[in-house]
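K.L.:
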Amino acid sequence: MRISTIALALAGVSGMATAAHAQSTDVEPLVSDTKAPVSKTTPPAEPDGYTGLADIVVTAQRREESLQKVPVAVTAISSEQIDQLRVTNVKNLAGVAPSLQINNQGLSSNSTIIVRGIASGTSNNAVDPKVGIYIDGVYVGRTVGSIFDLADIQRVEVLRGPQGTLFGRNATSGAISLVSAPPKGEWGLKATASYGNYDQLRGKAVLDLPAFGPFTVKLAYLHDEIEGDYTNLIGGQTIDLSFRAPSFGTQKFAKKLGRRNVDGGQVAVRGIFGDVTADYRFDYTDARATGRPVQAFGVIPDQSGQLLQPIISLQPLFGGITNQSPTRLDQVANATSEERTVTQGHSLTLTAIGSDHLTVKSITAFRKFKQYPNIFDLAATGGLRFSAAQFGAFLDPTLTNEQRQAILFNPANAPGMNDYFFSLLTARSTKQKQFSQELQFQLSDDAYELTGGLFYFHERSPATDVLGILEPIIGGTVVPLPFDAAFGSGTTRTLAINDSMAGYAQGTLHLTDTLDITAGLRGTIDDRELQIDEIAGGQGGVLGVGTYKVSYKKLTYTGIVTWRPNTDSTLYAKISTGYVSGGILSGIPYKPETLTAYEIGAKTTMLNNRLRVNAAAFYSDYKDLQTQNFINGRQFFDNAGKATIKGFEVEAEFIPVDGLTLSGNVGYADLNYDTFILNGVEVADFARTTYNSDWTGRLAAQYDSPEVFAGAHLQARIEGRYRSGYFLTSTPLRNLAGQEVLEDLNKQPGFWLVDARAGLVDFDLGGSKVSISAFGQNIFDKQVVSFGAPVLSLIGSYERGRLYGVEVGYAF
31 MRISTIALAL
41 AGVSGMATAA
51 HAQSTDVEPL
61 VSDTKAPVSK
71 TTPPAEPDGY
81 TGLADIVVTA
91 QRREESLQKV
101 PVAVTAISSE
111 QIDQLRVTNV
121 KNLAGVAPSL
131 QINNQGLSSN
141 STIIVRGIAS
151 GTSNNAVDPK
161 VGIYIDGVYV
171 GRTVGSIFDL
181 ADIQRVEVLR
191 GPQGTLFGRN
201 ATSGAISLVS
211 APPKGEWGLK
221 ATASYGNYDQ
231 LRGKAVLDLP
241 AFGPFTVKLA
251 YLHDEIEGDY
261 TNLIGGQTID
271 LSFRAPSFGT
281 QKFAKKLGRR
291 NVDGGQVAVR
301 GIFGDVTADY
311 RFDYTDARAT
321 GRPVQAFGVI
331 PDQSGQLLQP
341 IISLQPLFGG
351 ITNQSPTRLD
361 QVANATSEER
371 TVTQGHSLTL
381 TAIGSDHLTV
391 KSITAFRKFK
401 QYPNIFDLAA
411 TGGLRFSAAQ
421 FGAFLDPTLT
431 NEQRQAILFN
441 PANAPGMNDY
451 FFSLLTARST
461 KQKQFSQELQ
471 FQLSDDAYEL
481 TGGLFYFHER
491 SPATDVLGIL
501 EPIIGGTVVP
511 LPFDAAFGSG
521 TTRTLAINDS
531 MAGYAQGTLH
541 LTDTLDITAG
551 LRGTIDDREL
561 QIDEIAGGQG
571 GVLGVGTYKV
581 SYKKLTYTGI
591 VTWRPNTDST
601 LYAKISTGYV
611 SGGILSGIPY
621 KPETLTAYEI
631 GAKTTMLNNR
641 LRVNAAAFYS
651 DYKDLQTQNF
661 INGRQFFDNA
671 GKATIKGFEV
681 EAEFIPVDGL
691 TLSGNVGYAD
701 LNYDTFILNG
711 VEVADFARTT
721 YNSDWTGRLA
731 AQYDSPEVFA
741 GAHLQARIEG
751 RYRSGYFLTS
761 TPLRNLAGQE
771 VLEDLNKQPG
781 FWLVDARAGL
791 VDFDLGGSKV
801 SISAFGQNIF
811 DKQVVSFGAP
821 VLSLIGSYER
831 GRLYGVEVGY
841 AF
């Protein structure tokens, strides 16, 4: 389907799906039972029997406001929608908001998050994400460790555009805010359990306890597991990395790839002491997973590829497995072990009501995660068999062709049972501890609203990376070889210590009943330190062992003019800036990146609140964008130069008849480089963003029937999410003659993913509610390459195919 057709269809249907009967928003205020100042844009309560679209309360500007009144491009997803969409973690949010794309980078702990064409996903502990992720107002500092599962989420807000004023850390792309519900103070249990193909088993339970004294408590637990969808042809074999990194020891290759087993829990405690409300929250996630399968589409015939291609060609003679195919393989040989990531966090939010006009809030938080040592076969060459003696003959320039062949085919030099050859060996472990403190003041009156505060963030994050480039493995053990240094093989051990301090204020002046002016300013100081204890040449660093410190200061601002000509319309024009700190990545210094965005938007409701259409158009100046690239097996991380981004977004939802809700969105974000210097070469004319689709779209329909019996009704839902084509590399791959190669495999075609769900919900059973439904995800079994990289070969990783199963829900 052409995009123009999608856009026209969306003009008459809708954005984020709500319950067809729209009884309530399923979105409770963050501090609903305190006397906090209420914004002029807070929605009124819906009347009983209301059949229009439910209003939604968001905190996109750090105070409770109606989604339709707030002059910000934000999509809000309620807990009911989270269940209907089977959003089990942050990664599952892909496509629910326009211009939001989330790709798995092979390992489940690390994803590329893209908002309006700007990607965030570098896993290194010295690079800040471009999309800020928050849980109950607490910033999550690292990309690794931010894709966690939570059992109890009340609402998800996806903010698009630079976040340079109100949120804890600056971001150039956007923010994803997860909000958990406070305890209710009375007995209540909500539980779901599901089972499906690939032995997928998921269960979660949320228990509210009765109030005791000033305290209310809520407990939540989650278990989620699924079997791997790929058999690993070298599963059970081992590799000893002790020489490079003693803590890594011997890693065992997983027998199934794509496996996942997660346990998580949450605790929420609220205490109300007069005008002070205290909210303590704790979350814990223990995830054990094996990476997605990786295969090679073809060797890149550049300088390094000239060495790798003959080795690939010789594999049939030595019993090796190349994992090479232009189409999807059914099974692969990947040197990938189980990855375990443990994430946990504590937060204490104190909200004090000073008066009807003043609220003071303190958010104190400590979070940490640990990624245990693991190996991931990024280049898909764990199945190659080639001995160190054979590779030495390849490299010796003094040998004649006859002498070289004699060594290569001498049985004494043939690879043994545990001799591997990696074009690229990657193993990693990291952990992080962070502390943050925010003090926030909110003032409001009929004439104005003001939010201001101070923010402090500190983190300490050590990491160890084992890197092997064109690396023979002898007897299953990494051993020192004379050509290691020439190719950059080795170990990198770093410690990143980062501090960020900020002061901010944003105020809205109500000039008239229909016209508002908003202005915000934030001053940020980032102090960054990187200790390099050991570094591999292949990391591309220009700095050696030592301790390096850098500091950056930046002012960012926001300005908004909002006009509400009537109660059903909000029109706004906005300018905002964002910033991401510079630093040092594995010995590579890089500068901050900045973005200035210009945006106009409209939010409207029509047809007696049965039709809602929200739209925004934007233009952004993007400078010094931080990019990561690989050339001839070496990493390059630098500030690319300048780019412009232009686009638009439309979200809509429509209730044509009672019980039927149509919804959808469309987004377009086109990033064009003005300058892009890569390895000293200007590549702006042919550079492109990776994994980024210019067009995204979503269409959904949900029907809720009238009551069938005992309070139950039938519910059916179908949804499709669209992405246009995208590239796996930032520049075309070329051979030594400068000709483009593998481009037909480099560009991934556009696709639709279709999900469906149907069942009987809210069956009254002894005062409790029971639901049962069948679900299917990617029901047409679309084959999608979500991740790839130019690591001597062009590699790709396919997402899992069709999933289906049955889910039972219970609540009282």
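To convert, take the position in the sequence shown, counting from 1, and add 30; that gives our numbering.
We put the CB at the ideal spot given by N, CA and C, even for glycine.
1. Take the Cβ of Arg832 as the centre, count every other Cβ of all protein chains shown within 10 Å, and call the residue buried at 16 or more, exposed below.
2. Please state whether the Cβ-Cβ distance between Ala699 and Arg92 is less than 8 angstroms.
3. Let's see if you can read the secondary structure: which residues bound the alpha helix (DSSP H) around Asn262?
4. If you draw a straight line from the C-alpha of Lys285 to the C-alpha of Tyr228, how long is it?
5. Looking at Gln361 and Arg747, is the spacing between their C-beta atoms short of 8 angstroms?
6. Buried or exposed: Leu497, going by 16 or more other Cβ atoms within 10 Å of its Cβ?
7. Determine the direct distance from the alpha carbon of Ala308 to that of Gly301, and round the result to whole angstroms.
8. Give me the Cα-Cα distance between Asp166 and Pro619, rounded to the nearest whole angstrom.
9. For a cutoff of 8 angstroms on Cβ pairs, would you count Gly839 as touching chain B?
10. With the cut-off set at 8 angstroms, would you say Gly171 and Glu489 are in Cβ contact?
11. Distance check for Thr691 and Thr48, CA to CA, integer angstroms please.
12. Does DSSP put Ala284 in a helix, a strand or coil?
13. Arg434 by DSSP, collapsed to three states: which one?
14. Do three or more CB pairs link the segment 396-414 to the segment 360-377 at distances below 8 angstroms?
15. For the beta strand (DSSP E) containing Ser754, name the first residue and the last one.
16. Give every residue of the same chain whose Cβ lies closer than 8 angstroms to the Cβ of Gln15, excluding the five residues on either side of it in the sequence, and list them in chain order.
17. Is the distance from the Cβ of Pro192 to the Cβ of Thr607 below 8 angstroms?
18. What whole-angstrom Cβ distance do Gln633 and Gln135 have, given they're in contact under 8 angstroms?
19. Write down every uninterrupted run of the beta strand (DSSP E) in the segment 515-598 whose length is 3 residues or greater and which is fully enclosed by it, in chain order.
20. Can you give me the C-alpha to C-alpha distance between Leu263 and Tyr486, rounded to a whole angstrom?
21. So what does Asn353 bridge to, in DSSP terms?
22. Apart from the five residues on each side of it in sequence, which residues of its chain come closer than 8 angstroms, Cβ to Cβ, to Gly780?
23. If you reduce the DSSP assignment to three classes, tell me which class Asn122 lands in.
24. Could you give the distance in angstroms between the alpha-carbon of Ala767 and the alpha-carbon of Gly789?
25. So what does DSSP say about Pro276, is it helix, strand or coil?
26. Out of Thr280, Leu271, Ala298 and Ser277, which one is the CA nearest neighbour of Leu239?
27. Tell me the residue span of the alpha helix (DSSP H) that contains Pro346.
28. Looking only at its chain, what residues have a beta carbon closer than 7 angstroms to the beta carbon of Thr55, apart from the 5 residues adjacent to it on each side?
29. Excluding the five sequence neighbours on either side, which residues of its own chain have a C-beta within less than 7 angstroms of the C-beta of Ala418, listed in chain order?
30. For Ala423, which of helix, strand or coil comes out of DSSP?
31. Is DSSP giving Val61 helix, strand or coil here?
32. Using 8 angstroms as the cut-off, can you tell me whether the segment 274-291 makes contact with the segment 325-336, which would need three or more C-beta pairs spanning the two stretches below that distance?
33. Is Ala319 helix, strand or coil when you go by DSSP?
34. Once you ignore the five residues that flank Leu219 on each side, which residues in its own chain have a CB closer than 8 angstroms to its CB?
35. Evaluate contact between the segment 411-427 and the segment 375-392, counting only Cβ atoms and requiring at least three cross-stretch pairs below 8 angstroms.
36. Using the C-alpha atoms, what's the distance from Tyr478 back to Leu388?
P.N.:
With the structure as the only source:
1. exposed
2. no
3. Taken as a continuous stretch (DSSP letters only), Asn262 belongs to no alpha helix (DSSP H), as it is neither H nor E.
4. 15 angstroms
5. no
6. buried
7. 5 angstroms
8. 33 angstroms
9. In summary, chain B is missing from the structure at hand, where a single protein chain is found.
10. yes
11. Note on Thr48: pLDDT 35, under 50, position unreliable in the model; the coordinate value appears next. Approximately 7 angstroms between the Cα atoms of the pair.
12. coil
13. helix
14. yes
15. Here Ser754 belongs to no beta strand (DSSP E), and DSSP marks it neither H nor E.
16. The first residue shown for the chain is 31 and the last is 842, placing residue 15 beyond what the model contains.
17. yes
18. The identity of residue 633 in the sequence shown is Lys, whereas the question assumes Gln. Actually they are not in contact, since the Cβ atoms of Lys633 and Gln135 sit about 35 angstroms apart, beyond 8 angstroms.
19. 520-540, 545-564 and 576-596
20. 49 angstroms
21. Looking at the DSSP assignment, Asn353 forms no beta bridge with any residue, so it has no partner.
22. Ser723, Trp725, Tyr752, Arg753, Ser754 and Gly755
23. helix
24. 60 angstroms
25. helix
26. Ala298
27. Gln345 to Phe348
28. Bear in mind that the predicted position of Thr55 carries a pLDDT of just 37, short of 50, making it too unreliable to give a figure here.
29. Pro502, Ile504 and Leu511
30. helix
31. Low local confidence applies: a pLDDT of 32 at Val61 is under 50, so the model's placement there is unreliable, and no value is given.
32. no
33. strand
34. Ala235, Val236, Leu237, Asp238, Tyr840, Ala841 and Phe842
35. no
36. 12 angstroms
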